[in-house]
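Visitor:
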DNA sequence: TTCGTCGTTCTACGAACATCGAACAAGGAG
DNA sequence: CTCCTTGTTCGATGTTCGTAGAACGACGAA
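This is the structure in structure tokens:
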């Protein structure tokens, strides 16, 4: 939890973003978040331990790819699509397309249980 | 020298390409090759030892980013632009744009000495 | 043949990374 | 308060990566 630091838009570096996209798990997370919806940590499913998932989410956050918001004990994560598109036009789209074609990060997803998601709020 | 293996277009994987682009030196090489011209190894300038440069060129080749051709004792490298664009539309463009904005790999270049280049041949 | 040029490969090493389990911290429920 | 849930952090481990130097191999020139 604690204080999380997000880089400003101008502080987002190309290399950090690309490096963040060079891991299948993180690309999978990107794909999950690509619809623009905010996701809760517990909603995410990936074939790694929770500490590892936390690590990947941190890498994405530190790179400026995602934004993390805390609400009580839960934390929500969303894609910083606008910042990324402004900084590196077309990059996220190209990555999403490429990842989709290769089915990268297919083992990452969200719980399909509707009741687990926030009930319309 | 020896036999060098290039992945077929279909064998090029997204993760390998993105991983190849996560290093400043390799991005610099990409930028140098982005004009579509074939470059000779000795033409390239990068702030690393030649064995390291060879390593980076190998990573790019193995990822399917570049194609290497040998002619006598010299070897020429060029970007596999068509294959990459076919496989991952917009990715190379986005990377080039992003890298340019961040000035990634600016310390990589080619010799500016015209006489060192092949004399019109 | 001998020598020099060009690029690869081998070997090594430190740094960074992905991974996990366990401990920890913060908040909510009882 | 205590207990449970949620997510972070720490410590450890094995792997990969970037880097360099040295040896090697292929070719061209003399």
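Protein chains in written order, with my numbering: chain A, 1 to 121; chain B, 1001 to 1121.
A virtual CB, placed ideally from N, CA and C, is assigned to each residue, including glycine.
Looking at the unbroken alpha helix (DSSP H) that takes in residue 1052/B, where does it start and where does it end?
Guide: Segment 1050 to 1063, the alpha helix (DSSP H) holding residue 1052/B.
Visitor: Report the rounded CA-to-CA distance for residue 1043/B versus residue 76/A, giving the unit in angstroms.
Guide: Going from the Cα of residue 1043/B to the Cα of residue 76/A covers about 50 Å.
Visitor: Are the C-beta atoms of residue 104/A and some chain B residue less than 7 Å apart?
Guide: Yes, because at least one Cβ of chain B sits closer than 7 Å to the Cβ of residue 104/A.
Visitor: For residue 984/B, name the three-state secondary structure that DSSP assigns.
Guide: Any answer about residue 984/B is impossible in this case: the structure gives chain B only from 1001 up to 1121.
Visitor: For residue 27/A, count the other beta carbons within 10 Å of its own beta carbon; 16 or more makes it buried, fewer makes it exposed. Which is it?
Guide: Its Cβ being crowded by 16 or more others within 10 Å, residue 27/A is buried.
Visitor: Classify residue 4/A: buried if its beta carbon has 16 or more other beta carbons within 10 angstroms, exposed otherwise.
Guide: The residue is exposed, with fewer than 16 neighbouring Cβ atoms inside 10 Å.
Visitor: For a test of the three-state rule: what should DSSP assign to residue 1074/B, helix, strand or coil?
Guide: Strand.
Visitor: Determine whether the beta carbon atoms of residue 98/A and residue 1014/B lie at a separation below 7 Å.
Guide: Closer than 7 Å, so yes.
Visitor: So, does the CB of residue 1090/B fall closer than 7 Å to a CB anywhere in chain A?
Guide: Yes - at least one Cβ of chain A is within 7 Å of the one on residue 1090/B.
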